[in-house]
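Mind the numbering: the sequence shown is residues -17 to -1, 1 to 99 in mature numbering (1 follows the signal peptide of the UniProt record, and there is no 0), read in order. Glycine residues also receive a C-beta, built at the ideal position from the N, C-alpha and C atoms. Computed from a prediction, not measured in an experiment: that's the story for all the values here. What follows is a short report on a single structure.
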Amino acid sequence: MLAVDAIFTIIWLSAFASQAAYNTANKCGNVCGLSKGIVGLGVIITLLFGASTAVSVYTLRHYRFHGELPGYDKQRIKNDNIDPDKAAFSMAPHDEEAYAPVQMDDHPDHHTDTGY
């Protein structure tokens, strides 16, 4: 994942830099405002991809140093069953009762029918 983040950071950096160079050469004509907005958007996206790359670097370094990913592996759950819904970025609730009980009977009670 680190390689993908780094590649897209470089692609977005080159994209907005080439557009900025196009703007400084005054080749944009009467749409320079729009072109400058595109450069600004490119800068923001490049910074976001840079932040994503930094998170990927941190995750990789943490894994190489500790031998485990950051997140739910650090909780040291007493049994070997690790619930994936307890992961760091899971949308599941993290309280004690993470699942709502479902009152469901898979076996219909035909023997209690009184007849037709």
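**OP:** Kindly indicate which three-state DSSP category Gly50 falls into: helix, strand or coil?
**Re:** Coil.
**OP:** Could you check what DSSP says for Cys11 in three-state terms: helix, strand or coil?
**Re:** If DSSP states are grouped into helix, strand and coil, Cys11 belongs with coil.
Original post:
Does the distance from the C-beta atom of Ala(-12) to that of Thr42 stay below 8 Å?
Top reply: Annotated as distal: Ala(-12) and Thr42, with beta-carbon spacing of 8 Å or more.
**OP:** Below 8 Å on the Cβ atoms is my guess for Ala(-3) versus Gly25; work out the distance and round it to an integer in Å.
**Re:** Yes, they are in contact, since the Cβ atoms of Ala(-3) and Gly25 sit about 6 Å apart, within 8 Å.
Original post:
With 16 other CB atoms within 10 Å as the buried threshold, where does Thr7 fall?
Top reply: Counting every other CB atom within 10 Å of its CB across the protein chains shown gives Thr7 a total below 16, marking it as exposed.
Original post:
So is Phe48 buried or exposed if we call it buried at 16+ other beta carbons inside 10 Å?
Top reply: By the neighbour-count criterion, in which a residue is buried when 16 or more other Cβ atoms sit within 10 angstroms of its Cβ, Phe48 is exposed.
Subject >> Same chain only: Cβ atoms within 6 Å of Leu(-16), ignoring 5 sequence neighbours per side >> reply: Ser39, Leu43, listed in sequence order.
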